[in-house]
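Colleague:
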Amino acid sequence: MALGNVFEVASATVFSLQNHCSYTVWQGTLFGNGAGILGSGGFALQPGSSVHLTAPSGWSGRFWARTGCTFDDSGAGKCATEDCAGGLKCIGGGVPPVTLVEFKIGSSDNGNKDFYDVSLVDGYNVGMRVRALSPNYQNLESLSPLRKFGIPHSSQI
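Quick note on numbering: this note's numbering labels position 93 of the sequence shown as 102, and the sequence is numbered without any gaps.
The structure is reproduced here in structure tokens:
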């Protein structure tokens with residue numbers, strides 16, 4: 010799953026999450042500094058679709074993709090990877106194994122800089138890519154570390 014593009018807009022950052030898989034993924038989100046959860050904590054992302062989420066300056070958090078999910082009308086259900094305690098909307102961090110993309114946006118304690126990474130600290134379930142697009146960046150990319158080992162594009166989201 011390509012997290013897609015990260016755009017700067019005035020005093021906010023827009024995340025464009027894009028699903029490049031041939032199957033639906035259910036996005037999980039978590040914030041780390043009280044600035045607010047994005048995307049209500051979880052939602053479905055159909056193959057080839059994208060969604061834009063706007064984060065305020067100072068936001069920190071993470072995104073991950075869940076796979077093989079089924080949910081009822083109330084949002085209760087189960088996923089094959091990263092189950093989020095049986096709910097569509099995640100209220101905590103990812104359950105291993107799950108690939109994470111982590112961000113710290115406009116951190117005032119770091120000279121108003123942005124930081125991001127693709128992390129396998131909680132294991133691996135899908136390939137991810139981050140690409141920063143801004144006049145302040147020169148198309149910087151962060152790829153899932155497994156991409157270096159020849160994981161085919163068709164196996165990545």
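Where a beta carbon is used, it is the ideal one built from N, C-alpha and C, also for glycine. Here the structure is a predicted model, which is why all the values come from computation and not from measurement.
What does the alpha-carbon distance come out to for the pair W68 and V110?
Modeller: Within the sequence shown, residue 68 is the residue found at index 59, counting from 1. Within the sequence shown, residue 110 is the residue found at index 101, counting from 1. Rounded to whole angstroms, W68 to V110 spans 14 Å at the Cα level.
Colleague: Can you give the Cα-Cα distance for N121 and S66, rounded to whole angstroms?
Modeller: One-based indexing of the sequence shown puts residue 121 at position 112. One-based indexing of the sequence shown puts residue 66 at position 57. So the two alpha carbons sit approximately 9 Å from each other.
Colleague: Roughly how far, in whole angstroms, is the beta-carbon of T76 from the beta-carbon of N28, given that I think they are within contact range, below 8 Å?
Modeller: Locating residue 76 in the sequence shown gives position 67, counting from the first residue. Locating residue 28 in the sequence shown gives position 19, counting from the first residue. That pair is no contact at about 11 Å.
Colleague: Quick one: what's A85 bridged to in DSSP?
Modeller: The residue labelled residue 85 in the question sits at position 76 within the sequence shown. Answer is G96.
Colleague: DSSP state of R156, grouped into three classes?
Modeller: As a position in the sequence shown, residue 156 is number 147, starting the count at 1. Since pLDDT at R156 reaches only 49, below the 50 mark, its modelled position is unreliable, and the value read off the structure follows with that caveat. Reduced to three states, the DSSP call for R156 is helix.
Colleague: For Q55, count the other beta carbons within 10 Å of its own beta carbon; 16 or more makes it buried, fewer makes it exposed. Which is it?
Modeller: Sequence index remark: in the sequence shown, residue 55 carries index 46 (1-based). That one is exposed.
Colleague: Here's the rule: buried if 16 or more other CB atoms are within 10 angstroms of the residue's CB, otherwise exposed. What is G115?
Modeller: Locating residue 115 in the sequence shown gives position 106, where the first residue counts as 1. So G115 counts as buried.
Colleague: With a threshold of 8 Å on Cβ separation, who are the neighbours of I46 within its own chain once the five nearest residues in sequence on each side are excluded?
Modeller: Position 37 of the sequence shown, counted from the start, is the residue given in the question as residue 46. Cβ within range, chain order: T38, L39, F40 and G70.
Colleague: From V130 to V104, what distance separates their C-alpha atoms?
Modeller: Taking the sequence shown and counting its residues from 1, the one referred to as residue 130 is at position 121. Taking the sequence shown and counting its residues from 1, the one referred to as residue 104 is at position 95. Between V130 and V104, the C-alpha separation is close to 11 Å.
Colleague: Let me know the secondary structure DSSP gives G132 once reduced to three states.
Modeller: Stepping through the sequence shown from its first residue, residue 132 is reached at position 123. Correct three-state label for G132: coil.
Colleague: For the candidate residues G95, P106, D123 and S83, whose alpha-carbon lies nearest to that of L142?
Modeller: Residue mapping note: residue 142 aligns to position 133 of the sequence shown, counting from 1. Selected option, being the one with the closest Cα: D123.
Colleague: Is the distance from the Cβ of G43 to the Cβ of C93 below 9 Å?
Modeller: Counting from 1 along the sequence shown, the entry for residue 43 is found at position 34. Counting from 1 along the sequence shown, the entry for residue 93 is found at position 84. No, they are not a contact pair.
Colleague: Could you spell out where the beta strand (DSSP E) holding W35 opens and where it closes?
Modeller: The residue given as residue 35 occupies position 26 in the sequence shown. Unbroken beta strand (DSSP E) run through W35: V34 to F40.
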